Amino acid sequence: MLDKIKSFVKRKTSQKYRFNLQYTNHKWDGLATLAELGRYSLIVGFSRYFCTNGHILDLGCGEGILQDKFSTTDYSHYTGIDFSDVAIENVKKQARPNSTYLVGDLNKLTIEGTFDVIIYNESLNYLSNPKEAVTKLFPNLKPGGVFIVSLVDKYGKEQTGLWEMLNSILDIQESNKVINLEGNSWTVQVYKMKSGS
């Protein structure tokens with residue numbers, strides 16, 4: 000009986016359970032508002048600049064809000080992966096052609112195929128070992144491809160530790176910051192592989 004109680008408590012306090020509950024209760028609906036459009040626009044603009052009609056991998060895709068900002072002519076295939084079963088079930092109900100949505104733990108992700116653009120849209124900061132997760136995807140980035148990372152500047156402070164980590168393993172191409180009327184800000188950076196990697 001004690002094992003059943005421990006298992007129940009572990010499941011109900013897990014990160015996956017919390018995210019599923021948050022999507023069920025519409026906690027993340029605010030991500031689709033005008034206040035969030037600036038960062039999405041930067042991500043889409045960078046994707047278009049560095050790759051036309053390529054294969055995009057959206058890590059931490061949630062309910063597919065970012066894909067909705069792309070035109071279907073911006074990519075040949077769009078793959079979204081999220082931790083939440085609920086988010087993935089919701090996005091599958093309205094999935095576009097040439098898209099695949101999968102449930103997966105970004106901490107332990109092993110994925111086949113190569114991509115022109117790999118996006119961490121407000122998801123890298125949730126990982127237990129971001130450096131390991133990013134380097135594990137190096138074989139999945141096509142030559143000349145880019146990583147695009149968007150992070151909210153929590154409490155008005157940039158997440159310098161994550162940016163320093165990325166700068167140590169990748170070559171930064173561009174960085175932009177967007178601030179909305181509510182005073183929330185995001186930094187979006189683009190990276191290529193270091194030469195010789």
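Position 131 (the sequence shown) corresponds to 130 in numbering that gives the first Met the number 0; numbering is contiguous.
Think of the CB as a built atom: it goes at the ideal place given N, C-alpha and C, for glycine as much as any other residue.
Keep in mind that this is a model prediction, so the values were computed, not measured.
Measure the alpha-carbon distance for leucine 180 versus alanine 34 and round it to whole angstroms.
-> 7 Å
Can you check DSSP and say which residues form a bridge with histidine 25?
-> Residue pairing of histidine 25 in beta bridges, as defined by DSSP: absent, with no partner found.
Using DSSP with H/G/I as helix, E/B as strand and the rest coil, what is serine 46?
-> In this structure, serine 46 counts as helix in the three-state DSSP scheme.
Rounded to whole angstroms, what's the CA-CA distance from serine 167 to isoleucine 87? Just pull it up for me.
-> Their Cα atoms are separated by approximately 32 Å.
Paired residues, beta bridge with glycine 182 - DSSP | None, per the DSSP bridge assignment.
Considering proline 229, what are the terminal residues of the beta strand (DSSP E) in which it resides?
-> A query on residue 229 cannot be resolved here, the shown segment of the chain reaching from 0 to 196 and no further.
Same chain, Cβ closer than 8 Å to serine 194, five either side skipped, listed in chain order = Asp170
Have a look at Asp57, Ser83 and Phe82 and flag the residue whose alpha-carbon is nearest the alpha-carbon of valine 148.
-> The residue from Asp57, Ser83 and Phe82 with its alpha-carbon nearest to that of valine 148 is Asp57.
In three-state terms, what does DSSP make of threonine 99?
-> Here threonine 99 sits in strand by DSSP.
Going straight from the alpha carbon of threonine 71 to that of glycine 160, what length do you get?
-> 35 Å
Give the single residue among Asn19, Asn128, Lys130 and Ile118 whose Cα lies nearest to the Cα of threonine 78.
-> Selected option, being the one with the closest Cα: Ile118.
Note the first and the last residue of the continuous beta strand (DSSP E) segment covering leucine 58.
-> 53–58
Paired residues, beta bridge with threonine 177 - DSSP = Reading the sequence as shown, one finds valine at residue 177 and not threonine. Trp185, per the DSSP bridge assignment.
Can you name the start and end residues of the beta strand (DSSP E) that serine 167 belongs to?
-> No beta strand (DSSP E) holds serine 167; the alpha helix (DSSP H) holding it covers 159–168.
Three-state secondary structure assigned by DSSP to glycine 37 = helix
Give the DSSP-derived three-state secondary structure of threonine 78 in the structure shown.
-> strand
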